[in-house]
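Residue numbers (this note's numbering), protein chains in the order written: chain A, 1 to 255; chain B, 1 to 255.
Even for Gly, the Cβ is constructed at its ideal location relative to N, Cα and C.
For reference, the structure discussed in these notes is given below.
2 protein chains.
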Amino acid sequence: MKKSAAGTPLIVVSNDDGIRSPGIKALAAAMLEIGDVVVVAPDRERSAAGHSLSLSHPLRVEETSPGWYSVDGTPTDCVNLAINGILRRRKITMVVSGINKGANMGDDITYSGTVAAALEGTLLGIPSIAISLATWERFDFDIAATFAAKVARNTLEHGIPKDTLLNVNVPAIPEPEIRGIRITRMGRRIYGDAIVRKRDPRGRHYYWIGGDKLSHEGIPGSDLEAVESGFISVTPLHLDMTRYDAMKSLRRWKW
Amino acid sequence: MKKSAAGTPLIVVSNDDGIRSPGIKALAAAMLEIGDVVVVAPDRERSAAGHSLSLSHPLRVEETSPGWYSVDGTPTDCVNLAINGILRRRKITMVVSGINKGANMGDDITYSGTVAAALEGTLLGIPSIAISLATWERFDFDIAATFAAKVARNTLEHGIPKDTLLNVNVPAIPEPEIRGIRITRMGRRIYGDAIVRKRDPRGRHYYWIGGDKLSHEGIPGSDLEAVESGFISVTPLHLDMTRYDAMKSLRRWKW
Chain A
1 MKKSAAGTPL IVVSNDDGIR SPGIKALAAA MLEIGDVVVV APDRERSAAG HSLSLSHPLR
61 VEETSPGWYS VDGTPTDCVN LAINGILRRR KITMVVSGIN KGANMGDDIT YSGTVAAALE
121 GTLLGIPSIA ISLATWERFD FDIAATFAAK VARNTLEHGI PKDTLLNVNV PAIPEPEIRG
181 IRITRMGRRI YGDAIVRKRD PRGRHYYWIG GDKLSHEGIP GSDLEAVESG FISVTPLHLD
241 MTRYDAMKSL RRWKW
Chain B
1 MKKSAAGTPL IVVSNDDGIR SPGIKALAAA MLEIGDVVVV APDRERSAAG HSLSLSHPLR
61 VEETSPGWYS VDGTPTDCVN LAINGILRRR KITMVVSGIN KGANMGDDIT YSGTVAAALE
121 GTLLGIPSIA ISLATWERFD FDIAATFAAK VARNTLEHGI PKDTLLNVNV PAIPEPEIRG
181 IRITRMGRRI YGDAIVRKRD PRGRHYYWIG GDKLSHEGIP GSDLEAVESG FISVTPLHLD
241 MTRYDAMKSL RRWKW
């Protein structure tokens, strides 16, 4: 890991697909055009890990190549360790998480390890971005990586409001077909309720959660709608989940 | 599990401390005064599990006593399985999660398995409540259990707005000292950055995340402030994390 020149941005890159994923390699390469890059990422896939932090057991860190740290923990652990452990005496400019294989839109966001990594950066006071490619089939990370660099440059220039992260989703279509960029709101998926119940080779029952994403509610201006229509979606997400407009009616309940 | 009489509420109880925790026993007992109760909870402690869903492996369910189901998964898995698997042909009135050993306030909420269980209920369209006791030392669940029943009755009567859950935190003080109930907003903790770095018995380095909760930002009307002052805190939390007031400035960035 080379020492940053004064003023050179220092960017922490993480993900939830694991350190060997081509998505994180494409992202780290794109971030190198902007500043120094340190990768701290899970040693294996940690999708749907949510925002979980390992408090009850120790974490192992291995520097697999210079500036690339593999951790046997969640994406949240990785960002926490990067900021408070591995880089604790250095000023971190930004946390960028991705490029995820598969979209993180609507309520996916609450399960997503990719977004959780950016959430952890935000909680620890560092401007953070999550970036995902909206496909499960073919993964061409070039467009998403180029766009990640654009978001990062914009973030350097303008900053992000306190307690807010940027959640970016890129449609998996050829570049000429991308219709532009939309600043969106978080949509709402409609999930299938499919749970498989079967017997294992020893005759014992097990359940397997399907979690099929069937469709989404027709919320105008949502991330889901934008990507479906061929736009790159950028959603500002707030740490504060308070539903302020419900407080008044709750105060009228008989307590 | 007895069949519900028509009109009898059916309440799913879960938690993240595990099915053997005294907190879930106190909660289930309190909910029995309101309706039929089915407990679906992790087989062991799953604190700080966040909102994680197990998609890559099967889940085992064991009915340890009538109406009590132990699952080798996360709190999110438990609620998903309860709604879409175990009780799939029955109409569930409410999901109640807790009583957690330890507060879930401010940004704890994003890590919390207790809140994640209520979040999953909300995502699947069922009114949901998370309830936590703000202590790590002595656990007298009686006050919190009584209050949980009050919140549940209020929820039956008034409902909860769509995509919103109630997050309840009860101070661990004797009943006469409780000063009342506050409808609050989500506060913001200030975390310690302590990470322990040590060598294991075989001489290899490891990290251990501290996550000490040092203090909190002085946000007026917050959950943290209410409980610290001796009030029970009820916070309405919204699934929609969009930071609407940041959308306009983002649209002005050079894309």
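- Contact check for Arg46/B and Tyr206/A: beta-carbon distance about 19 angstroms, past the 8 angstroms limit, so the pair fails to qualify.
- At a C-beta separation below 7 angstroms, Met247/A has these neighbours in chain B: Ile183 and Pro236.
- In this model, Lys25/A and Leu165/A are separated by some 22 angstroms (Cα to Cα).
- For His216/A, no Cβ of chain B is located within less than 8 angstroms of the residue's own Cβ.
- In this structure, Ala149/A and Ala41/A do not form a Cβ contact; the two beta carbons are roughly 19 angstroms apart against a cut-off of 8 angstroms.
- Considering only beta carbons, the part of the region 81–103 of chain A lying closer than 9 angstroms to chain B consists of Leu81, Ile83, Asn84, Gly85, Ile86 and Arg88, in chain order.
- Under the three-state reduction of DSSP, Phe141/A is assigned to coil, being neither helix nor strand.
- Contacts with chain B at 8 angstroms (Cβ-Cβ) do not include Thr64/A.
- Straight across, the Cα-Cα distance linking Asn167/B with Ser65/A is about 44 angstroms.
- Listed by position along chain A, the residues whose Cβ is nearer than 9 angstroms to that of Leu10/B form an empty set, because the closest Cβ is around 17 angstroms away.
- Judged by DSSP secondary structure, Leu166/A falls within the beta strand (DSSP E) whose first and last residues are Thr164 to Pro171.
- Annotation for Thr110/A: Gly50 place their beta carbon closer than 8 angstroms to its own, counting only its chain and skipping 5 residues before and after.
- Counting only the Cα atoms, Thr242/A lies some 22 angstroms from Val234/A.
- Within the same chain, Gly230 come within 7 angstroms of Ile173/B by CB-CB distance, once the 5 residues on both sides are set aside.
- The Cβ atoms of Ser52/B and Ser52/A sit closer than 8 angstroms to each other.
- Within chain B, the residues placing a beta-carbon under 7 angstroms from that of Ala116/A are Gly50, ordered along the chain.
- Residue contact with chain A for Val39/B: absent (no Cβ-Cβ distance below 8 angstroms to any residue of chain A).
- The three-state secondary structure of Glu63/B, taken from DSSP, is strand.
- Using a 10 angstroms sphere on the CB of Thr8/B, the tally of other CB atoms stays under 16, which defines it as exposed.
- When secondary structure is reduced to three states using DSSP, Asp16/B falls in the coil class, being assigned neither helix nor strand.
- Per the coordinates, the alpha-carbon of Gly121/B lies some 16 angstroms from the alpha-carbon of Gly106/A.
- Segment contact: the region 67–87 of chain A against the region 213–222 of chain B, fewer than three CB-CB distances shorter than 8 angstroms; contact not assigned.
- Here Ser249/B carries a helix assignment [DSSP, helix/strand/coil].
- Taking the CA atoms as reference points, Leu133/B sits about 17 angstroms from Arg185/B.
- For Glu62/B, same chain residues with a beta-carbon under 6 angstroms away, outside a window of 5 residues either side, are Ser70 in chain order.
- Its chain contains Met105, Gly106, Gly187 and His216 as the residues whose beta carbon lies nearer than 6 angstroms to that of Leu224/A, once the 5 sequence neighbours on both sides are disregarded; these appear in chain order.
- By a beta-carbon distance limit of 8 angstroms, Ile83/A contacts Leu124/A. Their separation comes to about 5 angstroms.
- Look at Thr76/A here: in three-state DSSP terms it is helix.
- In this structure, the beta-carbon distance from Trp208/B to Asn154/A does not fall below 8 angstroms.
- In this chain, Met241/A is not harboured by any alpha helix (DSSP H), its DSSP state being neither H nor E.
- Proximity of Pro161/B to chain A, defined by a Cβ-Cβ separation below 8 angstroms, is satisfied.
- Taking a C-beta distance under 8 angstroms as the contact criterion, Val13/B and Ala103/B do not qualify as a contact pair.
- Met94/B: member of the beta strand (DSSP E) spanning Met94 to Lys101, first to last residue.
- Between Gly18/A and Arg44/A, the C-beta spacing is below 8 angstroms.
- With 16 or more other Cβ atoms from the protein chains shown falling within 10 Å of its own Cβ, Ile181/A counts as buried.
- Straight-line measurement puts the Cα of Asp108/A at about 23 angstroms from the Cα of Ile92/B.
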